[in-house]
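*Asks:*
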Amino acid sequence: MRKIELLAPAKNAEIGIEAIRHGADAVYIGPPAFGARAAAGNSIEDIKRLCDFAHLFGAAVYITFNTILYDNELVEAERMIQQLYEVGVDALIVQDLSLLKMALPPIALHSSTQMDMTNVEKALFIEKMGFSQIVLARESSIDEIRKFYDAVNIPLEGFIHGALCVSYSGRCYVSEACFGRSANRGRCAQFCRLSFDLIDATGRIIEKDKHLLSLQDMNRSASIEEMMDAGISSFKIEGRLKDLNYVKNVTAFYRQAIDKVIDKRQNDYCRTSYGVSTYNFTPNLSKSFNRGFTEYFLHGRSKVHNFSTPKARGEFVGTVERSNRDAFYLEEDVNIAAGDGLCFLNSFGKLEGFRINKIVNGAIFPGRSVRIPRGAKIFRNLDIKFDAMLQKNSAERKIQIEITFNETSEGFSITIADEQGHKIAKDFALEKTIANTPQRENIIKQLSKWGNTIFSVKTFRFNTEEYFIPSSILSTWRREMEQLLIEEHQIKYQRPQRRQTAKDSTYYTQELDYTANVSNHLAKDFYAEHGVNHIAPAFEIKPPQSPTLMTCRHCIRYALGHCPQRHSSPLFWKEPLYLQSSDGKRFRLKFDCAKCEMQVLQS
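Counted the way my numbering counts, the sequence shown spans residues 124 to 726.
Next up, the structure:
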């Protein structure tokens, strides 16, 4: 059986713990520094707390140590990795191969999405370098996933849900070029969410004030089994800056969806962690932040963009039947409430939002004056009741145990075994007193009070006469057994160790340009030792002349219905095309039809 992992994001330890409670097999979280989300750093102490909790369920904690490093940071990076290993971290998610030249502990390494895993030759090399897991580029199709799976012998990780970068990850330099904020250093300025004019070579405006690089959000929930069969073993939810409610809802949804496949295919797949999560709500992806959904090239090219807005659209709730100055009516009978946030595309093609003040006999009264035309599609981007449910304790995760209660010569013994084979036993000395009334029910009741713990009693074996044992003593015994069982889980948990490196491996190319992101002498030495003759410095170290700032599978010509390979409509503009920002900066577009890619160039 192939082990299947649900990998959830954690902005902080609290969110990470809730992700585990809601069903995650692993979480990824930022370290105090060197993570590709500079705003999501966490202390070593908090990471230890998260590791201690996750390991009780056999769940893993991965650290996003995935920025490129400068020479003056190498010593601190090496020191921090040692600290992370000491507190129990299971693996590092990395981009910078300078780490392979450091004196690191035997911590497992996973490739970051910043490593731009788009060709099999690179994946084979990374496997030989001792990596334990490879994340494929978000743009990967089912057929491409199969090619990687057939080639490598380590687990493949694939994105399943969340926000999308328009450029291949690791190959986006526009934020650094325009704002001095490097995406490869965790400080992306979200350039792709800005609005632009699209201008042709004659200065003609083709599209005005549109979010031409802004994509919808990924949702591959309908293709989980197909992705498993293609070779994905770890399903990754994007969102290390997302809030608690988002992580709870999305994690719970994918836990249930993945479990349906595993339950159906028990001879093929199993989980990587244990414990059963139950929920006080019904997970619904459309109720969490989204810009509309796309499978994003999983089954070929289709609509991936949302030119109207980079903001959350949410779930569709209905179509406006009629409206007046104060209220409007929907064609559908929908369950909405005062306080909900609704939105629609106005006559300018912009997303306009408002809160509901009240609902009277089907009339919906906005909290402010708003003109909503008949036929407008209404979306809900804030469900006040759903959010309120998620603000509470919305899930618990339990490990089932079996308790055996026996009599000994000196008193009694308790043996506990859990669903994963952990087993503890302890004798308790106590003078035996024959009970005047039946005690069996009370003994079972007191020893089964595990309600506020992570354990749940599945079966209880009672193998003794009915002696009187005070409830207070039984409660003390139960608490002692709980602590012993937790310690047994902690002792028996085994972290993966870093795989051995093949010393004679040669890199698949002898020349590296700035897109290899080599930003320190150790990384340069590493590539040189593996056969690379020419190594250009990273963009952040020395920007090249007239660089490509973005390389995208998303194509504006295709989105506008003028792809020369797929559409027959003639072009009405003169190329080259340019994106022009609100401050007047221009970026030339280059279309590589052979690769079916679009590049954004510095003009």
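Each residue gets a CB set at the ideal place from its N, CA and C atoms; glycine is no exception. Predicted model, so just to flag it, every value in this text is computed and none were measured.
Note down, in chain order, each residue of its chain lying with its Cβ closer than 7 Å to the Cβ of F477, except the 5 sequence neighbours on either side.
*Replies:* Along the sequence shown, one-based indexing puts residue 477 at 354. L465, P489, G490, R491 and V493.
*Asks:* Between which residues of its own chain and S264 is the CB-CB distance below 8 Å, once the five residues before and five after are set aside?
*Replies:* Walking along the sequence shown from the start, residue 264 turns up at place 141. Taken in chain order, the residues that qualify are F420, L421, H422 and G423.
*Asks:* If contacts are defined as beta-carbon pairs under 8 Å, then I547 and L608 qualify, I think. What distance do you get, rounded to the angstrom?
*Replies:* Against the sequence shown, residue 547 aligns to sequence position 424. Against the sequence shown, residue 608 aligns to sequence position 485. So it is a contact: roughly 5 Å between Cβ atoms.
*Asks:* For A499, I'd like the list of residues in its chain whose CB is within less than 8 Å of its CB, leaving aside the five on either flank, ordered along the chain.
*Replies:* Taking the sequence shown and counting its residues from 1, the one referred to as residue 499 is at position 376. Within the same chain, A499 has close Cβ partners T442, V443, F467 and L468.
*Asks:* Can you check which of these residues, F649, I347 and V210, is closest to I167 by C-alpha distance?
*Replies:* As a first step, residue 167 is located in the sequence shown; it is residue number 44 there, counting from the start. I167 has its Cα closest to that of V210, out of F649, I347 and V210.
*Asks:* Considering only C-alpha positions, which residue in the set C301, N429, Y185 and I592 is nearest to I216?
*Replies:* Indexing the sequence shown from 1 puts residue 216 at position 93. Nearest C-alpha to I216: Y185.
*Asks:* Could you compute how far the alpha carbon of F254 sits from the alpha carbon of G544?
*Replies:* Within the sequence shown, the letter at position 131 stands for residue 254. Within the sequence shown, the letter at position 421 stands for residue 544. C-alpha separation (whole angstroms): 29 Å.
*Asks:* A142 and A131: beta carbons closer than 7 Å?
*Replies:* Here residue 142 refers to the residue found at position 19 of the sequence shown. Here residue 131 refers to the residue found at position 8 of the sequence shown. Yes, the Cβ-Cβ distance between A142 and A131 is below 7 Å.
*Asks:* Does the distance from the CB of P433 to the CB of S337 come in under 7 Å?
*Replies:* Stepping through the sequence shown from its first residue, residue 433 is reached at position 310. Stepping through the sequence shown from its first residue, residue 337 is reached at position 214. Yes; because the gap between Cβ atoms is below 7 Å, this pair is in contact.
*Asks:* Under DSSP, the beta strand (DSSP E) around C174 begins and ends at which residues?
*Replies:* As a working note, residue 174 is residue 51 in the sequence shown. No beta strand (DSSP E) contains C174, which is instead part of the alpha helix (DSSP H) from I167 to L179.
*Asks:* For N640 and A659, which I take to be in contact (beta-carbon distance under 8 Å), what is that distance rounded to the nearest angstrom?
*Replies:* As a first step, residue 640 must be located in the sequence shown, where it is residue number 517. As a first step, residue 659 must be located in the sequence shown, where it is residue number 536. With a Cβ gap of about 10 Å, N640 and A659 do not count as contacting.
*Asks:* Determine the closest residue to M252 out of D266, P228 and L222, with distance taken between C-alpha atoms.
*Replies:* In the sequence shown, residue 252 corresponds to position 129, counting from 1. Distances from the CA of M252 to each of D266, P228 and L222 were compared; the closest alpha carbon is that of L222.
*Asks:* Taking the beta carbon of C311 as the centre, do at least 16 other beta carbons fall within 10 Å, making it buried, or is it exposed?
*Replies:* For the purposes of this step, residue 311 is identified with residue 188 of the sequence shown, where counting begins at 1. That one is buried.
*Asks:* Less than 7 Å separating the beta-carbons of F451 and I487?
*Replies:* Within the sequence shown, residue 451 is the residue found at index 328, counting from 1. Within the sequence shown, residue 487 is the residue found at index 364, counting from 1. At the C-beta level, F451 and I487 come within 7 Å of one another.
*Asks:* On the premise that F710 lies in contact with L702, defined as a C-beta separation below 8 Å, what is that separation, rounded to the nearest angstrom?
*Replies:* The residue given as residue 702 occupies position 579 in the sequence shown. The residue given as residue 710 occupies position 587 in the sequence shown. Going by Cβ atoms, the distance from L702 to F710 rounds to 5 Å, so yes, they are a contact pair.
*Asks:* Do the region 346-361 and the region 272-286 touch if we need at least three Cβ pairs shorter than 8 Å?
*Replies:* yes
*Asks:* Is it the case that the Cβ atoms of K581 and Q523 are separated by a distance below 7 Å?
*Replies:* Taking the sequence shown and counting its residues from 1, one reaches residue 581 at position 458. Taking the sequence shown and counting its residues from 1, one reaches residue 523 at position 400. Contact: yes.
*Asks:* At a cut-off of 6 Å, would you count I524 as near the ligand ZN, judging by its Cβ distance to the nearest heavy atom?
*Replies:* This structure lacks the ligand ZN, and indeed carries no ligand of any kind.
*Asks:* So what does H233 bridge to, in DSSP terms?
*Replies:* Your numbering for residue 233 matches position 110 in the sequence shown. Partner(s): I216 and Q256.
*Asks:* Would you mind giving the Cβ-Cβ distance between N643 and S517, rounded to the nearest angstrom? I have them listed as a contact below 8 Å.
*Replies:* The residue you call residue 643 lines up with position 520 of the sequence shown. The residue you call residue 517 lines up with position 394 of the sequence shown. 44 Å between Cβ atoms; not a contact.
*Asks:* On the DSSP letters alone, give me the boundaries of the alpha helix (DSSP H) that L727 sits inside.
*Replies:* Lying outside 124 to 726, the shown extent of the chain, residue 727 is not represented and no answer is given.
*Asks:* In this structure, what does DSSP give as the bridge partners for T674?
*Replies:* Position 551 of the sequence shown holds residue 674. T674 is bridged to Q722.
*Asks:* Per DSSP, Q579 is paired with what?
*Replies:* As a first step, residue 579 must be located in the sequence shown, where it is residue number 456. Note on identity: in this sequence residue 579 is Ser, with Gln being the wrong assignment. Within the DSSP bridge table, the entry for S579 names Q523 as partners.
*Asks:* Along the chain, where does the alpha helix (DSSP H) containing K270 start, and where does it finish?
*Replies:* Numbered from its first residue, the sequence shown carries residue 270 at position 147. Counting along the chain, the alpha helix (DSSP H) containing K270 begins and ends at I265 to A274.
*Asks:* Who are the Cβ neighbours of T629 in its own chain at under 7 Å, not counting the five residues just before and after it?
*Replies:* For the purposes of this step, residue 629 is taken as the residue at position 506 of the sequence shown. If we look at T629 and ignore the five residues flanking it on each side, its Cβ neighbours are H653 and G654.
*Asks:* Could you tell me the distance, in whole angstroms, from the CA atom of E454 to the CA atom of E137?
*Replies:* Looking up residue 454 in the sequence shown gives position 331. Looking up residue 137 in the sequence shown gives position 14. Cα-Cα distance, rounded: 42 Å.
*Asks:* How far does the beta strand (DSSP E) with C466 in it reach, from first residue to last?
*Replies:* Here residue 466 is taken as the residue at index 343 of the sequence shown, counted from 1. G464 to L468 is the extent of the beta strand (DSSP E) around C466.
*Asks:* Roughly how many whole angstroms lie between the Cα atoms of T632 and T674?
*Replies:* As a position in the sequence shown, residue 632 is number 509, starting the count at 1. As a position in the sequence shown, residue 674 is number 551, starting the count at 1. Whole-angstrom Cα-Cα distance: 20 Å.
*Asks:* List in chain order: all unbroken alpha helix (DSSP H) runs of 4+ residues lying wholly within the region 633-717.
*Replies:* 644-652 and 679-682
*Asks:* Starting from the C-beta of A540, find all residues in its chain whose C-beta is less than 6 Å away, skip the five residues before and the five after it, and write them out in chain order.
*Replies:* Counting from one through the sequence shown, the residue named residue 540 turns up at place 417. Around A540: E525 and K546.
*Asks:* Please list, in chain order, all residues of the same chain as K171 whose beta carbon is under 7 Å from its beta carbon, the five residues on each side excluded.
*Replies:* As a first step, residue 171 must be located in the sequence shown, where it is residue number 48. Around K171: V210 and G211.
*Asks:* Considering only C-alpha positions, which residue in the set M203, Q514, R503 and S691 is nearest to L474?
*Replies:* For the purposes of this step, residue 474 is taken as the residue at position 351 of the sequence shown. Taking only the C-alpha atoms, the option nearest L474 is R503.
*Asks:* Are Q620 and P229 touching if we call contact CB-CB under 7 Å?
*Replies:* Within the sequence shown, numbered from 1, the residue matching residue 620 stands at position 497. Within the sequence shown, numbered from 1, the residue matching residue 229 stands at position 106. In this structure, P229 lies closer than 7 Å to Q620 by Cβ.
*Asks:* Taking its Cβ as the centre, do 16 or more other Cβ atoms sit within 10 Å of T187, making it buried, or is it exposed?
*Replies:* The count along the sequence shown starts at 1 and reaches residue 187 at position 64. By the neighbour-count rule (16 or more Cβ atoms within 10 Å), T187 is buried.
*Asks:* Which of the three DSSP states, helix, strand or coil, is assigned to N529?
*Replies:* Translated into positions along the sequence shown, residue 529 becomes position 406. It is a strand residue.
*Asks:* For the alpha helix (DSSP H) that L607 lies in, which residues bound it at each end?
*Replies:* Taking the first residue of the sequence shown as position 1, residue 607 is located at position 484. L607 -> alpha helix (DSSP H) spans S594 to K615.
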